[in-house]
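Comments concern the structure below.
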């Protein structure tokens, strides 16, 4: 294979021959990998000069074509400084520092308030969790640390819930009985014994009356329980007011 064909193939592969190690260039699709050259300082300076000029030219194009304020600073490996600025490098640096300082100040200003909001939310959630755990513990029968008034309130709450459960059960039972009656009436609709049909009608009326009386009794019990709970709540409030008054009177006497 000739040297010209070899160089052409290496150029197609994105490889450039150097005096030392081959340097893999970045392809247009971004799949390539750029590696530093192990060649001498002369080769490295040549590469730096080419890429520096290209970078400075691109910066000037962006400033001109896009009407942008551009500042570019390059330090070579030898320590030499190269720079480009579309206006004034000093003004560009001052503008950069001012804008960066404002963003930092905004972050520092908003951070404490955001943290305070999160802390308040966490504290509120902890209180809610503790309250739910206490309620669950009491409903499971752990009432050793409860006082008399708390036990009375819990008892009334349980009675109220029990009455609601009984009422729901009676409603389901009433619906089930009505469904059975409809089936029975359908069976006896063509019966040759009219007395049996009339007897079932009478039984249904008696049963409906009993269910109605039972529902009224449950409703009355719920009303009485509610009134009882209201009285207990009022008594708790008066009890707390008395305790506070006694405590304040004791402090004034002392």
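Numbering (full-length UniProt numbering), first residue to last: 1 to 254. Just so you know, even glycine gets a beta-carbon here, dropped at the ideal spot from N, CA and C.
(Q) Please list the terminal residues of the continuous alpha helix (DSSP H) segment that includes residue 86. (A) Position 86 of the chain shown holds residue 86. Where residue 86 is concerned, there is no enclosing alpha helix (DSSP H), given that its DSSP letter is neither H nor E.
Q.
I believe residue 73 touches residue 83 by the beta-carbon criterion, under 8 Å. Please report the beta-carbon distance rounded to the nearest angstrom.
A. For the purposes of this step, residue 73 is taken as residue 73 along the chain shown, with counting starting at 1. For the purposes of this step, residue 83 is taken as residue 83 along the chain shown, with counting starting at 1. Confirmed, Cβ separation roughly 5 Å.
Q. Whose C-alpha, out of 49, 156 and 205, is nearest the C-alpha of residue 221?
A. Here residue 221 refers to the residue found at position 221 of the chain shown. Among 49, 156 and 205, the Cα nearest to that of residue 221 belongs to 156.
Q. Which whole runs of the alpha helix (DSSP H) in the UniProt domain "K-box" (115–235) are 4 residues long or more, in chain order?
A. 148–187
Q. Exposed or buried, residue 141, counting other C-beta atoms within 10 Å across all chains shown (16 or more means buried)?
A. Counting from 1 along the chain shown, the entry for residue 141 is found at position 141. Exposed is the call here.
Q: Taking residue 226 as the reference, give the member of 176, 167 and 161 with the closest Cα.
A: Here residue 226 refers to the residue found at position 226 when the chain shown is read from its first residue. Minimum Cα distance to residue 226 is reached at 161.
Q | Coil, strand or helix - residue 101 by DSSP | A | Along the chain shown, read from residue 1 onward, the residue named residue 101 stands at position 101. Helix at residue 101.
Q) Roughly how many whole angstroms lie between the Cα atoms of residue 322 and residue 101? A) It is not possible to answer for residue 322, since the shown part of the chain is limited to 1 through 254.
Q: May I ask you to list the residues that DSSP assigns as paired with residue 73?
A: Translated into positions along the chain shown, residue 73 becomes position 73. BP columns for residue 73 point to 83.
Q.
Tell me the DSSP secondary structure of residue 78 in three-state form.
A. Within the chain shown, numbered from 1, the residue matching residue 78 stands at position 78. Residue state, collapsed to three classes: coil.
Q. By Cβ distance below 7 Å, which residues in the same chain neighbour residue 174 in space, the five residues on each side in sequence not counted?
A. If you number the chain shown from 1, residue 174 lands on position 174. So the list reads 211, once near-sequence residues are dropped.
Q) Beta carbon of residue 86, beta carbon of residue 69: below 8 Å? A) Counting from one through the chain shown, the residue named residue 86 turns up at place 86. Counting from one through the chain shown, the residue named residue 69 turns up at place 69. Cβ atoms of residue 86 and residue 69: closer than 8 Å.
Q.
Quick check: what's the CA-CA separation for residue 114 versus residue 122?
A. As a first step, residue 114 must be located in the chain shown, where it is residue number 114. As a first step, residue 122 must be located in the chain shown, where it is residue number 122. So the alpha carbons of these two residues sit roughly 12 Å apart.
Q. Residue 71: buried (16+ other C-beta within 10 angstroms of its C-beta) or exposed?
A. As a first step, residue 71 must be located in the chain shown, where it is residue number 71. It counts as buried.
Q) Would the beta-carbon of residue 154 fall within 8 Å of that of residue 137? A) Locating residue 154 in the chain shown gives position 154, where the first residue counts as 1. Locating residue 137 in the chain shown gives position 137, where the first residue counts as 1. Contact flag unset, no.
Q | Contacting residues, own chain, Cβ-Cβ under 8 Å from residue 218 (five flanking each side not counted) | A | The count along the chain shown starts at 1 and reaches residue 218 at position 218. For residue 218, where only same-chain residues beyond five positions count, the Cβ hits under 8 Å are 163, 166, 167 and 170.
(Q) Check this for me: beta carbons of residue 132 and residue 143, under 8 Å apart or not? (A) Numbered from 1 along the chain shown, position 132 holds the residue referred to as residue 132. Numbered from 1 along the chain shown, position 143 holds the residue referred to as residue 143. Against a cut-off of 8 Å, the Cβ pair of residue 143 and residue 132 comes out as no contact.
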